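Read through the structure below, which is laid out as structure tokens, and then see the notes.
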Amino acid sequence: MQKAIGLIGICLFFWGTALPAQDTNNEQFALLWKGNRTQLTVEEIAAYCAPVFWFSPDEPELKNKKGREIDIPAPFPFDTLSSAPVVYYQIKEILAKENAREPIWNYMPDDISKSVIYLDKIKGFQINYMHYYRHEAGVGRHEHDTEQVQFKIYVHRSNPNGDKKRVQYELVFLQATATAHIVDWYKNIYSLDTTNFDFELKLPFHILVEEGKHASCTDMNGDGYYTPGYDVNVRVNDAWGLRDVIRTGTLFSSQFQGWMTKVRRPEYRVLPPLPADSPLRSEYEQNTVYAPDNAVYELRPMPDPDHALPDAALKRDMEPYHAANWPRLRQETDYEALLDWWEGDRIIKSLSIAVRANETWGLSFSFPLLIIKNVEAPLIGGWLVNRVYFQDKDLRDFGYNILYTPSASRFMDPYFAFGVEVDYYNVPETEALKKRTDFVMETGVKFRTTVKPTILSFLSPITDFWGVRIGIKNRGFMKIDQLTYVFEIGAGAW
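In mature numbering (1 follows the signal peptide of the UniProt record, and there is no 0), the protein residues as written are -21 to -1, 1 to 473.
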């Protein structure tokens, strides 16, 4: 049903429905560029779609600078120095139209930024922006800190005033994904709701940069505040949000709290190099001068991490954010394929396995409620998942629960589970084996941490987390028959 609504929304949004106007410049909602050109260079696309980066006034890498003095994000140490901030980009993926004839783009090997993309042959693309800082402060402080923001952009073709002889192309914002601490579950995602145009989307899209740690966070309306459910509307309970306070070295709470974030002020914005014909540029002009009071960053193609050598630490830091042989070409077959592309990064590692101790030893497995699709609890957020466990001699006992957890990523979460347990036991002084079936209910606390910086990092291709569960289980529905402790240790979000 949700997918069907999404498909209807896409059709209404991009085929024939008049779009609401933005209050600021009367331009179409979510519009980044429009024109009759059938070709744009990679560097032009990067400039039209580029975000605003917004820093805390206490960001240590600012070194007390503000306004036009700001020189972060920085270029990579091996790259050409610049007096201006530097942001890197890659067009990671292009979604070609069905049966579109090659070439989809014209690659320029000597300067990839001059490569040309043919708008009349594509439906959309994903463009990534990387921002680099020389040092990260706070918990796990280290040198070299690369972060990333991902945008999905739709290429809309229209006939102005119904004139079929005139063709106009539009770059329309669909989704922003701001990475946080290399964990997929932590990503801050804002996705355009095509069924509701009441939200005050602000373009160019604003990215809040976490103080000292530099995790990226979406700011949908560009007000300098982070509001869960508003600035992030996908996996809200798991999204990292913006936690400026952890620069102090203390995590404070597993759940985001409003007091963790400092208010951003206009003089700490770093603006993109918007082209002269950008529909978004005029808002940042004074007397025809663009951004007179703010720093404007320089855009460069993302270099290969091998260029960082012999600095192996810098190379490792860059690698998760670099796409080799970019862009990757995909063929669109129908609207369903388009929606799958739009929502592709929402499918996430969702299997868990653990050793279980509950009077006897056993194994526990947790997986999405709909097997291949996670189910988010309505209104309150969090997740409903299946849990199956086997225990006792030869794993002969069996249990099935539906388990609720407020998140899949916080370092400490309560949980609640209920279901049925089938227990086989030997009758004393006989060889008879009997079966007992009971309603069971379990509640407790789950502690989890990321696997990447630990000896369990080999598990990272299948899960981001490992953890420990401590709980109490009871048998019986109206009457509690037996209380036992439950301990589980294993890998996985659940």
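For each residue, glycine too, the CB sits at the ideal point set by N, CA and C. Here the structure is a predicted model, which means the values were calculated and not measured.
Open item on the list: Taking only three categories from DSSP, how would you classify Arg325?
Closed with: Confidence in Arg325 is poor, its pLDDT being 48 and thus under 50, which makes the residue's placement unreliable; the coordinate value appears in the next sentence. Helix at Arg325.
- [ ] Specify the secondary structure class of Ala26 as computed by DSSP and reduced to three states.
- [x] Reduced to three states, the DSSP call for Ala26 is helix.
TODO: Output the boundary residues of the alpha helix (DSSP H) element that contains Ala75.
DONE: First-last for Ala75: 65 to 75, but that is the beta strand (DSSP E), not the alpha helix (DSSP H).
Open item on the list: I'd like to check one pair, Glu189 with Leu11: are the Cβ atoms closer than 9 Å?
Closed with: For Leu11 and Glu189, no; Cβs fall outside 9 Å.
Task: Stretch pair the segment 191 to 206 + the segment 113 to 125: three plus CB contacts closer than 8 Å - done: By the Cβ rule, the segment 191 to 206 counts as touching the segment 113 to 125, because three or more pairs are nearer than 8 Å.
TODO: With DSSP as the reference, please indicate the residues paired to Met239 in a beta bridge.
DONE: Per the DSSP secondary-structure output, Met239 pairs with nothing in a beta bridge.
Task: the segment 37 to 55 / the segment 15 to 24 touching (three or more Cβ pairs under 8 Å) - done: Put simply, the segment 37 to 55 does not touch the segment 15 to 24. Fewer than three CB pairs are less than 8 Å apart.
Task: Boundaries (first-last residue) of the alpha helix (DSSP H) holding Lys294 - done: Annotation for Lys294: the continuous alpha helix (DSSP H) segment containing it runs 291 to 297.
Task: Euclidean distance between Cα positions of Arg260 and Glu179 - done: Looking at the backbone, the Cα of Arg260 and that of Glu179 are separated by about 18 Å.
Task: Leu278 - containing beta strand (DSSP E), residue span - done: Unbroken beta strand (DSSP E) run through Leu278: 277 to 280.
- [ ] Rank Leu462, Leu348, Gly361, Arg309 by C-alpha distance to the C-alpha of Leu379 and give the top, closest one.
- [x] This sequence places Tyr at residue 379; Leu is not what is there. The shortest Cα separation from Tyr379 among Leu462, Leu348, Gly361, Arg309 belongs to Leu348.
Open item on the list: If you reduce the DSSP assignment to three classes, tell me which class Glu338 lands in.
Closed with: Coil at Glu338, not helix or strand.
TODO: Using the Cα positions of Met199 and Gly208, report the straight-line distance between them to the nearest angstrom.
DONE: Rounded to whole angstroms, the separation of the alpha carbons of Gly208 and Met199 is 10 Å.
Open item on the list: Considering only their Cβ atoms, is the gap separating Ala333 from Gly471 smaller than 9 Å?
Closed with: Yes, the Cβ-Cβ distance between Gly471 and Ala333 is below 9 Å.
Task: Ala157 vs Gln129 beta-carbon contact at 9 Å - done: When the beta-carbon positions are compared, Ala157 and Gln129 come within less than 9 Å of each other.
TODO: Just tell me which of Ala26, Ala155, Ile49 has its CA closest to the CA of Trp33.
DONE: Considering only Ala26, Ala155, Ile49, the residue with the shortest C-alpha distance to Trp33 is Ile49.
TODO: Note down the Cα distance separating Asn107 from Gln69, rounded to an integer number of angstroms.
DONE: The C-alpha of Gln69 is placed about 5 Å away from the C-alpha of Asn107.
Task: Short Cβ contact (9 Å threshold) for Ile401 with Phe377 - done: With the sequence shown as reference, residue 401 is identified as Val, and Ile is not the correct amino acid for it. It is a contact, given that the beta carbons lie within the stated cut-off.
- [ ] Examine the Cβ distances between the segment 71 to 78 and the segment 235 to 253 and report whether three or more of them are shorter than 8 Å.
- [x] With a cut-off of 8 Å, the segment 235 to 253 and the segment 71 to 78 do not count as touching, because too few Cβ pairs lie within range.
Open item on the list: I believe Asp443 touches Asp142 by the beta-carbon criterion, under 8 Å. Please report the beta-carbon distance rounded to the nearest angstrom.
Closed with: Not a contact, Cβ separation roughly 51 Å.
TODO: Determine, using beta carbons only, whether Gly398 and Ile381 come nearer to each other than 9 Å.
DONE: Yes, Cβ-Cβ distance for Gly398 and Ile381 is below 9 Å.
Open item on the list: Residues in the same chain with beta-carbon distance under 8 Å from Leu374, minus the five sequence neighbours each way, listed in chain order, please.
Closed with: Around Leu374: Gly341, Leu342.
Task: Endpoints, beta strand (DSSP E) assigned at Trp219 - done: No residue range can be given for Trp219, since it is assigned to no beta strand (DSSP E) and is classified by DSSP as neither H nor E.
Task: For Gly423, the nearest candidate out of Met457, Ile459, Tyr464, Lys413 (CA to CA) - done: Of the candidates Met457, Ile459, Tyr464, Lys413, the one whose C-alpha sits nearest the C-alpha of Gly423 is Tyr464.
Task: Local conformation of Asn405 per DSSP, three classes - done: DSSP, read as helix, strand or coil, puts Asn405 in strand.
Task: Straight-line Cα distance separating Thr409 from Trp219 - done: In this model, Trp219 and Thr409 are separated by some 57 Å (Cα to Cα).
TODO: Can you check the segment 105 to 174 for any alpha helix (DSSP H) of at least 4 residues that lies completely inside it and give the ranges in chain order?
DONE: With a minimum length of 4 residues, no continuous alpha helix (DSSP H) run stays inside the segment 105 to 174.
Task: Element boundaries [beta strand (DSSP E), containing Asp376] - done: Per DSSP, Asp376 is one residue of the beta strand (DSSP E) stretching across 376 to 384.
Task: Which of helix, strand or coil DSSP assigns to Ala270 - done: DSSP places Ala270 outside both helix and strand once states are collapsed to three, so it counts as coil.
TODO: Would you mind stating whether Pro280 and Ser62 have Cβ atoms separated by less than 9 Å?
DONE: Not closer than 9 Å, so no.
Open item on the list: Would residue 477 and Leu288 qualify as a contact pair, given that the criterion is a beta-carbon distance under 9 Å?
Closed with: An answer regarding residue 477 cannot be provided, because it is not within the stretch -21 to 473 covered by the chain.
- [ ] With a threshold of 16 other CB atoms inside 10 Å of the CB of Asn4, please say whether the residue is buried or exposed.
- [x] Since pLDDT at Asn4 reaches only 39, below the 50 mark, its modelled position is unreliable, and the value read off the structure follows with that caveat. By the Cβ-count criterion, Asn4 is exposed, with fewer than 16 other Cβ atoms from all chains shown falling within 10 Å of its own Cβ.
Task: DSSP bridge partner residues for Thr463 (one or two, in chain order) - done: The partner list for Thr463 (beta bridge, DSSP) reads Lys452.
Task: First through last residue of the beta strand (DSSP E) which encompasses Ile96 - done: Residues 95 to 97.
- [ ] Could you say which of Asp90, Leu308, Asn85 lies nearest to Ile96 if we only look at CA atoms?
- [x] Ile96 has its Cα closest to that of Asn85, out of Asp90, Leu308, Asn85.
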